[in-house]
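Working notes, beginning with the structure itself.
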Amino acid sequence: MSATTTNPYETGEKAAVPAKDDGGLWGYLRGYGQRVRGGDMGALPAVLGMLVLTVVFSAARPSFLTPLNFANLLTQAGPIVVLGMGLVFVLLLGEIDLSAGFASGVCAAVLAIMLTTHGFPWYVGVAAAIATGVVIGLLLGFLVAKVGIPSFVVTLAGFLAFQGTVLWLLDEGTNISVRNEVIISLENEFMPPAVGWGLGALTVLGFAATQLIQQRNRRRRGLPALLWQVVTFRVVGLAVLVGVAVAVLNEERSRNALFSLKGVPIVVPVIGVLLLVWTFVLRRTAFGRHIYAVGGNREAARRAGIAVDRIRISAFVICSAMAAVSGILAASMARSVDPNTGGSNVLLYGVAAAVIGGTSLFGGKGRVLDAVLGGLVITMIINGMGLVGWSSAYKYVATGIVLLLAASVDAFSRRRSAASS
Amino acid sequence: MGTPLLELRGINKSFGPVQVLRDVAFTVHPGEVTALVGDNGAGKSTLVKCIGGIYPIDSGEYLMEGKQVHVHNPRDAASHGVEIVYQDLALCDNLDIVQNMFLGREKKSGMILDEPTMEQLAQQTLAGLSVRTVKSVRQQVASLSGGQRQTVAIAKAVLWNSKLVILDEPTAALGVAQTQQVLELVRRLADNGLAVVLISHNMNDVFAVSDRIAALYLGRMAAQVKTSDVTHSQVVELITSGRSGTLGLVEEGAAA
Ligand SMILES: Nc1ncnc2c1ncn2[C@@H]1O[C@H](COP(=O)(O)OP(=O)(O)O)[C@@H](O)[C@H]1O
Ligand SMILES: [Mg+2]
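Encoded structure:
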């Protein structure tokens, strides 16, 4: 469509909606309350979950609430959050990728082979790992969208096949260590305190600037804009959050006087950039809009002229590519790749991260931020149970229950929103 | 009467062995509401989907403003100014009104969605249709009533400089008041110069808003008449038996 498109109905006498949000701050809060009661709870369950877990675990083990454990938590969360981010795309379509865990294992194995066996530089290894993820995603997406096999079956087959592929790549189970400094630093190194402050400030300023520009543009066009109180609250809230986190992480964590351990983990800005990029794609581009549309009503999307197959394949490609990044982080964290990389409950954690954060298993609803929030909740559970000293038996059961709880919240909010319309 | 906006000649359409449309002729004029009537299974929805490019036609001619065109998909139809409001409303519940109205044809500045422009155009369109029942164009479609959803679907169809708007049973699921609103909206579209095709089972609705009536009978066009030239019972006869007095299909095998 070009700018010459004129609207034959532009001559409307009266606006269909009031040009300004009236009702003030109270109106806004009432609206929020209504949305929550109507089943649109957004980040609320994840944030409440984090608060409860913090209270419970720090009461049980004071070491839970220390700068050292906070840094551990963030690095531990890395692979889970990134995997969850990719899964959000597939879940948005109402599909599932059960093979994402082992796909990350395959990609990690490719990375390790490139770096350790063949001695390539880190960026070649990373490129090879991500390319492997893209190929896996293309294959899965093709089988789902073009051949028409349900994603549950395709990716269950992938789950087995990729598990085998990891074994094959690792010669029936030898473990390959990763010694490349750049890769290792991702999950094991920290930024100098000044850089942490700098990036933190940049984040807050960038957020404030985009919010202000957006609202000013809307006001200028006579469109209802957010109240300044709400914008201020968001910006100040983020500033406080980032400020406290950076301050805590910049404290000395080493108990040994001989070396220093402080700073924001490198993985944090890595996740920040991924969050920024994918949020932009989902919320600000037509491609992102079409992902929501296909997840909400595939037939409507098709009739609107959207290339539905291409969108579905792309979502699987993004998911597997993010699984590759998750595998790279896992390899960095463990400093090696073994047949269990990406195995056992990694996939479950990834799905749980997205769902706990508020992404729906029924498709059409979700954000990349969900995976960050939900991933932190999941990591707190794993980390806290580890500190309390629970056995694996309890850990598995507890994690399973948490996933079910999150899925119930999802099903419940879906029923609520269906009932309230 | 000038050239019709849309003219179909000898349209055939089969699904496998089942021939659903048989040698169908159909004309639609600008500024008029043409009611398309017929019993369940007569082929109304199929005809509309052929016009909209959802189904390819097997054979026949498709003329817009007197010129033959080829419509293979919804985009082709849209490029000729044809917009369809489907019986099963093609809206995404998880998107808001603006997002639905621009779905697949988003306004962009560079690669970024131009939300303010889309929101403004959506508001203006709704206002131009004198729609006052929607609170905010940023409401999710899931939260709308049946009549409001129908309104959004219609507004979506007229947003695009469309010349022909086809509505497939827009009032089937609505109450009395909402039906009235939608019918008024339909009439307003035609009065604004659009060609409108209205599929309906309700004779009162048909006689209230239409200028012409086209009756399909078992996949064939039984008759296309001026609404003012026929009575309720004649139309009902055309629907149920394909003929009414001198109107309608000639008995198979008789006069040729
Ligand atoms: N996609 C399809 N595949 C096979 N048969 C179909 C399909 N769509 C419609 N039909 C058949 O075509 C006939 C006409 O259907 P339709 O156009 O929906 O009728 P109407 O809208 O007039 O009630 C029916 O017998 C129906 O079963
Ligand atoms: Mg029908």
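Chains as they are written, first to last, in this note's numbering: chain A, 64 to 484; chain B, 4 to 259. For each residue, glycine too, the CB sits at the ideal point set by N, CA and C.
Would you grab the beta carbon distance between residue i and residue j for me? Rounded to a whole angstrom, and I think it's under 8 Å.
i	j	result
A:A356	A:I369	6 Å
A:L161	A:L410	6 Å
B:T154	B:V134	5 Å
A:G413	A:G168	Wrong, their Cβ atoms sit about 12 Å apart, outside the cutoff.
B:V161	B:L186	Going by Cβ atoms, the distance from B:V161 to B:L186 rounds to 16 Å, so no, they are not a contact pair.
A:L324	A:R316	4 Å
A:A109	A:L436	4 Å
A:F270	A:V299	Not really, about 11 Å apart at Cβ, beyond 8 Å.
B:M188	B:L116	Position check: residue 188 of chain B holds Leu in this sequence, whereas Met was assumed. Contact flag wrong, Cβ pair sits at about 28 Å.
B:K111	A:A349	6 Å
A:A393	A:G405	7 Å
A:I445	A:K458	7 Å
A:A172	A:L233	6 Å
According to DSSP, what are the bridge partners of residue i?
i	result
B:F29	B:L11
B:D171	B:I202
B:V85	B:L167
A:A434	Partner(s): none; A:A434 has no beta bridge.
B:I115	B:S112
B:S247	B:L250
B:K16	B:L24
A:F165	A:F165 is not bridged to any residue.
A:F253	A:P328
A:V400	A:I239
B:Q138	Residue identity check: residue 138 of chain B is Lys in the sequence provided, not Gln. Per DSSP, none; premise fails for B:K138.
B:K70	B:M67
Output the boundary residues of the alpha helix (DSSP H) element that contains residue i.
i	result
B:T244	Strictly speaking, residue 244 of chain B in this sequence is Ser, with Thr absent from that position. From DSSP, the alpha helix (DSSP H) with B:S244 extends over H235 to S244.
A:Y186	W185 to G204
A:L59	With chain A represented from 64 up to 484, any question about residue 59 of chain A goes unanswered, as that position is not in the structure.
B:A156	G149 to V161
A:A122	L107 to A123
B:I54	K47 to I54
A:W89	G87 to R100
A:I276	P256 to R283
A:L337	V330 to R347
A:R41	Only positions 64 to 484 of chain A appear in the structure, and residue 41 of chain A is not among them; the question remains open.
A:L150	P130 to L155
B:Q102	I100 to M104
A:A417	V409 to G420
B:E187	V179 to D194
A:V294	W291 to L312
A:E362	R361 to R366
Tell me where the beta strand (DSSP E) around residue i begins and ends.
i	result
A:R242	That residue, A:R242, is in no beta strand (DSSP E); it is neither H nor E in DSSP.
B:E64	S62 to M67
B:G41	V36 to G41
B:L219	R215 to Y220
B:V224	A small fix is needed here, since residue 224 of chain B is Met in this sequence, not Val. That run of the beta strand (DSSP E) goes R223 to K229.
Apart from the five residues on each side of it in sequence, which residues of its chain come closer than 7 Å, Cβ to Cβ, to residue i?
i	result
A:V380	V197, G200, L201 and G204
A:Q292	L88
B:L252	Y220, R223, A225, G245 and R246
A:W341	M148 and V431
B:N164	G84
B:E10	T30 and L66
A:I159	V153, S214, F215 and T218
B:E122	V101 and V140
B:S213	V36, T37, A38, L201 and T230
Can you find the residues in the same chain that come closer than 6 Å, C-beta to C-beta, to residue i, ignoring five residues on each side of it along the sequence?
i	result
B:T58	Reading off the sequence, residue 58 of chain B comes out as Tyr, not Thr. The answer, listed in chain order, is K52.
B:L170	V88 and L201
A:N360	none
B:A259	Residue confidence is low: B:A259 scores 39 on pLDDT, short of 50, so the model does not pin down where it sits. Its coordinate-derived value is still stated next. So the list is empty, once near-sequence residues are dropped.
A:T228	V169
A:G102	S476, R479 and S480
B:D79	G56
A:P81	Confidence in A:P81 is poor, its pLDDT being 40 and thus under 50, which makes the residue's placement unreliable; the coordinate value appears in the next sentence. For A:P81, where only same-chain residues beyond five positions count, there are no Cβ hits under 6 Å.
B:Q126	V140
A:A208	D372, R375 and I376
Sorted by chain position, which residues of the same chain lie with C-beta nearer than 8 Å to residue i's C-beta, five sequence neighbours on each side aside?
i	result
B:D99	V140, R141, Q142, Q143 and V144
B:E118	V101
Residues with C-beta closer than 6 Å to any heavy atom of ligand 1, in chain order: B:F18, B:V21, B:V23, B:G41, B:N43, B:G44, B:A45, B:G46, B:K47, B:S48 and B:T49
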